[in-house]
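Asker:
In this note's numbering, the protein residues as written are 63 to 342.
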């Protein structure tokens with residue numbers, strides 16, 4: 063929870079600074095109120111925001127009985143309450159978990175992953191997402207994703223303000239606008255990257271422990287990354303860090319690859335292989 067409140071405080075400071083930079087004292091007050099509303103919304107409705115990013119819908123057991131059975135079997139091994147299951151129509155194979163705590167968790171799978179993965183590898187992915195729930199990664203990651211989206215919006219406002227001369231009556235602050243337009247979104251990406259990379263390694267390891275088959279997850283990761291290079295994903299970039307593999311893998315070019323929110327798949331597979339070897 064400390065990381066969650068730290069992110070919320072960071073968002074508040076960024077919004078207040080942005081409001082003051084762009085619109086003076088009144089702007090700072092307005093953005094302070096906006097940050098309070100956003101922080102409340104992120105805590106209570108973050109799962110809905112993320113599901114909307116992926117155009118995902120919650121499904122009942124009668125609509126996906128086999129998937130529900132797999133999730134139920136593995137969540138019992140993990141000692142977790144039953145999560146809600148959602149399905150996204152995205153053709154790219156991928157999955158993520160969201161929600162504010164294990165009692166309000168959602169695991170989401172794309173249509174692509176349900177069509178692509180064999181049972182052993184699908185179990186590995188389910189266990190990975192349950193591990194995120196077990197370690198309470200979901201709220202931190204979701205808040206970071208929402209924070210990144212908000213900062214992207216601020217950066218857009220700042221860029222237009224910089225182009226058209228700003229909105230302050232007491233003199234423009236072009237340097238401040240430039241910082242908000244360039245540095246703030248970069249900082250948001252770095253925050254997401256740091257959180258997501260550490261969490262993915264931890265979820266991989268715990269997922270391997272839940273199934274007792276780390277190489278099942280390793281095979282899934284390789285297959286998913288290969289698919290992500292060929293099949294595009296139509297989703298808000300702010301939500302990319304929540305997915306099990308980077309949905310924009312096929313778009314990475316040059317310096318952009320330095321700021322991916324996911325650790326390299328080969329490093330994750332190597333860690334899972336070492337885990338499997340240690341189990342023998």
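For glycine and all other residues, C-beta sits at the position ideal for the given N, C-alpha and C.
(1) In chain order, what residues of the same chain lie with their CB nearer than 7 angstroms to the CB of residue 309, ignoring the 5 residues before and after it?
(2) If contact is defined by three or more beta carbon pairs under 8 angstroms, each pair taking one atom from either stretch, is the region 270–290 in contact with the region 184–191?
(3) Mind checking who residue 160 pairs with in its DSSP beta bridge?
(4) Alpha carbon to alpha carbon, how far is residue 198 from residue 135?
(5) Residue 126 and residue 170 look like a contact to me (Cβ under 8 angstroms); what is the Cβ gap, rounded to whole Å?
(6) With respect to 8 angstroms, is the separation between the Cβ of residue 174 and the closest non-hydrogen atom of the ligand SAH below this value?
(7) Since residue 324 and residue 259 should fall inside the 8 angstroms C-beta cutoff, what is the C-beta to C-beta distance between them, to a whole number of angstroms?
(8) Going by other Cβ atoms of all chains shown within 10 Å of its Cβ, with 16 needed for buried, is residue 196 buried or exposed?
(9) What three-state label does DSSP hand residue 133 in the structure shown?
(10) What separation, rounded to the nearest whole angstrom, lies between the Cα atoms of residue 338 and residue 270?
(11) Under 9 angstroms between the Cβ atoms of residue 334 and residue 160?
(12) Compare the Cα-Cα distances from residue 162 to each of 145, 173, 149 and report the closest residue.
(13) Cα-Cα, which of 150, 329, 137, 176 is closest to residue 164?
(14) Under the DSSP definition of a beta bridge, which residues are partnered with residue 23?
(15) From this set, 180, 272, 132, 110, which residue's C-alpha is nearest residue 168's C-alpha?
(16) Given residue 173, which residues of its chain have a CB within under 6 angstroms of its CB, disregarding the five upstream and five downstream residues?
(17) Assign residue 141 to one of three DSSP states: helix, strand, or coil.
(18) Would you report the Cα separation of residue 132 and residue 340, rounded to the nearest angstrom?
(19) Distance, Cα to Cα, residue 182 vs residue 147?
(20) Looking only at C-alpha atoms, which of 342, 141, 312, 112 sits nearest to residue 158?
(21) For my contact list, residue 192 and residue 272 are in at a C-beta cut-off of 8 angstroms; report their separation, rounded to the angstrom.
(22) Within its chain, find whatever has a CB closer than 7 angstroms to the CB of residue 143; leave out the 5 residues flanking it on each side and keep chain order.
(23) Comparing alpha-carbon positions, which option in 115, 149, 114, 95 lies nearest residue 129?
(24) Can you name, in chain order, every residue of its own chain whose Cβ lies under 7 angstroms from the Cβ of residue 312, other than the five neighbours on each side?
(25) Have a look at 123, 274, 332, 124 and flag the residue whose alpha-carbon is nearest the alpha-carbon of residue 283.
Answerer: Taking the coordinates as given:
(1) 154, 156, 290, 295, 297, 302
(2) yes
(3) 168
(4) 20 angstroms
(5) Their Cβ separation, rounded to whole angstroms, is 12 angstroms, which puts residue 126 and residue 170 out of contact at 8 angstroms.
(6) In terms of ligand content, the structure shown is empty, and the ligand SAH therefore cannot be addressed.
(7) 7 angstroms
(8) buried
(9) helix
(10) 8 angstroms
(11) no
(12) 145
(13) 137
(14) No statement about residue 23 is possible, as the shown extent of the chain runs from 63 to 342 and does not include it.
(15) 110
(16) 151
(17) coil
(18) 26 angstroms
(19) 19 angstroms
(20) 112
(21) 6 angstroms
(22) 164, 165
(23) 149
(24) 290, 291, 292, 294
(25) 332
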